[in-house]
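full-length UniProt numbering numbers the first residue of the sequence shown as 1 and each following residue consecutively.
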Amino acid sequence: VINSGNFSINDVFEISYYAPLSRKVDLGQNLLLLLQDSEGNDVPIDLIPIEGTGLFKYNRLLRTDSLLSLPLGGGKKLVHMTLSFLPQKVYNKSADQFVNITYKTGDGNIIYPYKESNKWAKPFTIVTYPKKVKLTMVDDFTQDMAIEKEFIEEREYIFNQDPAEALEAGEEYTRVSIDALVKEDYEFTFQLLEYEDELDFGTPRKDSIVWLQIGLMPKSKTKFLNTRALIKEYGVNPYFESLGTEEVTFRGPGTSAIGANKMFGRPLTYELGHQYSDYNAYGPYVWQWAKTDRTGKVTFNVSFNKDFLDDFTEIFGVMEGFNSVEDIVLYIRAFSSNFDWDDFAIDSPNQYIGSKDGDIYDGSSRLENYDFADLKLQDGTYLEGLINLHKKDIALGTNDYYSYE
């Protein structure tokens with residue numbers, strides 16, 4: 001605009017620029033505190049004054065808005081740090097390069113009476129533990145539904161040791177198996193509790209966000225049974241140890257944008273393996289959020305009044321052994337972890353089988369001005385399992401007697 005000369009004295013210009021903040025540092029009287037970034041470079045983040053006796057101490061609050069802003073939440077974190085004295089070079093994060101430090105004046109005089117060296121360094125590791133929480137499903141005997149659940153302190157994979165599939169190995173979770181009736185509407189209630197150990201019932205966590213996913217998954221094709229394995233003693237196929245992942249590719253159950261791993265991400269959508277449908281992919285029936293109340297509870301309205309068998313056939317094709325809705329097994333995953341509203345939105349859910357008739361978060365129902373401070377300090381926790389569908393019982397009766405005239 002300026003070069004063209006097409007402007008007047010009343011026009012408003014907005015100029016943005018970037019300039020690094022720098023200050024003079026006496027490296028002879030201070031230690032450099034370095035933080036190792038994701039690329040393995042030691043980045044200076046603060047100074048630690050050295051007393052005349054050679055002693056030093058460092059008091060900083062471990063907060064996300066302080067200089068000592070270490071990675072927190074989403075599981076145990078290992079943060080590698082270093083104390084450095086008179087280093088010969090430091091890493092400039094803004095310029096993405098190392099900068100050599102000269103300890104001589106312009107006249108060639110030595111500034112400090114000490115010999116500079118990269119060996120004057122002490123590496124150490126800080127381990128951060130988030131607040132331990134667990135997510136359970138609340139029994140409701142007023143509904144026609146059976147819930148089998150078990151809280152497991154450390155998830156164990158016996159046969160599958162592939163880290164791409166053995167998600168959250170060694171971490172806590174709740175395993176569930178739900179039996180519900182088709183054509184029915186339910187209320188699924190979960191409770192989020194902060195706890196110390198297995199004997200601790202827990203303290204309710206209020207104002208945390210819980211996400212719920214319910215739907216067909218790639219392993220629904222075999223009812224989540226591993227058809228390539230056999231338990232000889234019983235002559236049956238075992239369930240997959242990892243329910244939410246694809247075979248071979250190990251994708252799913254969600255993305256890994258902000259969560260500690262795929263277990264705490266937005267559900268994936270999956271392409272169809274054939275061209276006999278008007279749709280190219282399928283997604284979950286339910287993908288929604290709710291905020292815990294003062295008792296740590298959240299409730300989701302879940303409807304099983306869907307054409308599950310038709311959707312299954314459209315996704316996987318006609319398969320032997322799938323003749324009734326009772327042959328359909330759904331996947332359920334509920335979790336609480338740090339997240340981003342935009343990352344968790346499923347855009348255009350109407351283009352996916354399942355999602356087009358479901359209850360899907362598309363970004364429009366986000367909670368504005370939500371405070372993520374406590375959620376960032378909370379460990380990620382989840383509930384995972386299967387939902388078995390059943391038809392309603394039907395009784396056939398006749399009159400006790402017939403009357404003829």
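We treat Cβ as the ideally placed atom computed from N, Cα and C, and that holds for glycine.
Considering only residues of the same chain and omitting the five flanking positions on each side of residue 88, which have a CB-CB separation below 8 Å? Numbered from its first residue, the sequence shown carries residue 88 at position 88. 100, 101, 116, 117 and 118.
Taking residue 97 as the reference, which of 46, 39, 386 and 130 has the closest Cα? Position 97 of the sequence shown holds residue 97. Nearest of 46, 39, 386 and 130 to residue 97, Cα basis: 39.
Consult DSSP for residue 374 and reduce its assignment to one of helix, strand or coil. In the sequence shown, residue 374 corresponds to position 374, counting from 1. In the structure shown, residue 374 sits in a helix (DSSP, three-state: H, G or I).
For residue 79 and residue 37, the rounded distance between their alpha carbons: Here the question's residue 37 lines up with position 37 in the sequence shown. Here the question's residue 79 lines up with position 79 in the sequence shown. Their Cα atoms are separated by approximately 9 Å.
Whose CA, out of 155, 153, 154 and 138, lies closest to the CA of residue 147? On the sequence shown, residue 147 is found 147 positions in, with the first residue counted as 1. Of 155, 153, 154 and 138, the residue nearest in Cα terms is 138.
Do residue 387 and residue 332 come within 7 Å of each other at the CB atom, strictly closer than that value? To locate residue 332, count along the sequence shown from 1; it is residue 332. To locate residue 387, count along the sequence shown from 1; it is residue 387. Yes, Cβ-Cβ distance for residue 332 and residue 387 is below 7 Å.
Stretch-stretch touch, CB-based, cutoff 8 Å, three pairs: the segment 170–178 with the segment 314–323: no
Quick one: Cα of residue 13 to Cα of residue 44, how far? Here residue 13 corresponds to residue number 13 of the sequence shown, with the count starting at 1. Here residue 44 corresponds to residue number 44 of the sequence shown, with the count starting at 1. Each residue's alpha carbon lies about 36 Å from the other.
If you reduce the DSSP assignment to three classes, tell me which class residue 216 lands in. Within the sequence shown, residue 216 is the residue found at index 216, counting from 1. It is coil, neither helix nor strand.
Name the residue from 49, 41, 84 and 107 whose alpha carbon lies nearest to the alpha carbon of residue 93. Taking the sequence shown and counting its residues from 1, one reaches residue 93 at position 93. The residue with the shortest Cα to Cα distance from residue 93 is 41.
Reduced DSSP secondary structure (H/G/I, E/B, other) of residue 308: Locating residue 308 in the sequence shown gives position 308, where the first residue counts as 1. Reduced to three states, the DSSP call for residue 308 is helix.
Answer with buried or exposed for residue 123, where buried requires no fewer than 16 other C-beta atoms within 10 angstroms of its C-beta. For this step, residue 123 is matched to residue 123 along the sequence shown. Per the 10 Å Cβ criterion, exposed.
Mapping DSSP to helix, strand and coil, what is residue 326? Numbered from 1 along the sequence shown, position 326 holds the residue referred to as residue 326. Three-state result, residue 326: helix.
Could you tell me whether the segment 182–193 touches the segment 262–277, where touching means 3 or more Cβ pairs closer than 8 Å? no
Kindly list the residues whose CB is nearer than 6 Å to the CB of residue 198, restricted to its own chain and excluding five residues on each side of it in sequence; keep chain order. In the sequence shown, the residue the question calls residue 198 occupies position 198. Contacts found: 153.
Taking Cβ to Cβ, would you say residue 266 is nearer than 7 Å to residue 254? Indexing the sequence shown from 1 puts residue 266 at position 266. Indexing the sequence shown from 1 puts residue 254 at position 254. The answer is yes: Cβ separation under 7 Å.
Do residue 133 and residue 196 have their CB atoms nearer than 7 Å? The sequence position of residue 133 within the sequence shown is 133, counting from 1. The sequence position of residue 196 within the sequence shown is 196, counting from 1. No, the Cβ-Cβ distance between residue 133 and residue 196 is not below 7 Å.
Selected residue, minimal CA-CA separation from residue 391, among 344, 323, 358 and 384: On the sequence shown, position 391 is the one that residue 391 refers to. Measuring from the Cα of residue 391, the nearest candidate turns out to be 323.
Counted within 10 angstroms of its Cβ, other Cβ atoms place residue 170 as buried (16 or more) or exposed: Here the question's residue 170 lines up with position 170 in the sequence shown. When all chains shown are included, residue 170 counts as exposed.
Quick check on residue 351: does DSSP put it in helix, strand or coil? Locating residue 351 in the sequence shown gives position 351, counting from the first residue. In this structure, residue 351 counts as helix in the three-state DSSP scheme.
Within 10 Å of its beta-carbon, does residue 236 have 16 or more other beta-carbons around it, so buried, or fewer, so exposed? For this step, residue 236 is matched to residue 236 along the sequence shown. Residue 236 is exposed by the Cβ-count criterion.
Does the segment 202–219 come close enough to the segment 236–247 that 3 or more CB-CB pairs lie under 8 Å? yes
At the level of alpha carbons, what is the spacing between residue 382 and residue 155? Start at 1 with the first residue of the sequence shown, and residue 382 comes out as number 382. Start at 1 with the first residue of the sequence shown, and residue 155 comes out as number 155. Approximately 11 Å, taken between the alpha carbons.
Residue nearest to residue 223 in terms of C-alpha spacing, selected from 233, 231, 360 and 385: Residue mapping note: residue 223 aligns to position 223 of the sequence shown, counting from 1. Per the Cα distances, 385.
How big is the Cα-Cα spacing for residue 404 and residue 306? Within the sequence shown, numbered from 1, the residue matching residue 404 stands at position 404. Within the sequence shown, numbered from 1, the residue matching residue 306 stands at position 306. With a pLDDT of only 48 at residue 404, under 50, the local geometry of the prediction cannot be trusted, and the value read off the model is given with reservation. Cα to Cα, the separation comes out at about 45 Å.
For a quick check, are the C-beta atoms of residue 215 and residue 285 less than 7 Å apart? Counting from one through the sequence shown, the residue named residue 215 turns up at place 215. Counting from one through the sequence shown, the residue named residue 285 turns up at place 285. For residue 215 and residue 285, yes; Cβs fall inside 7 Å.
Suppose the cutoff is 6 Å on Cβ atoms and the five residues either side in sequence are ignored; what does the same chain contact list for residue 238 look like? Residue numbering aside, residue 238 sits at position 238 when the sequence shown is read from its first letter. For residue 238, where only same-chain residues beyond five positions count, the Cβ hits under 6 Å are 226, 229 and 231.
Taking contact to mean at least 3 C-beta pairs separated by less than 8 Å, is the segment 364–371 in contact with the segment 347–354? no
In the DSSP assignment, find the unbroken beta strand (DSSP E) run with residue 150 in it and report its ends. In the sequence shown, residue 150 corresponds to position 150, counting from 1. Looking at the DSSP string, the run of the beta strand (DSSP E) that includes residue 150 is 145–152.
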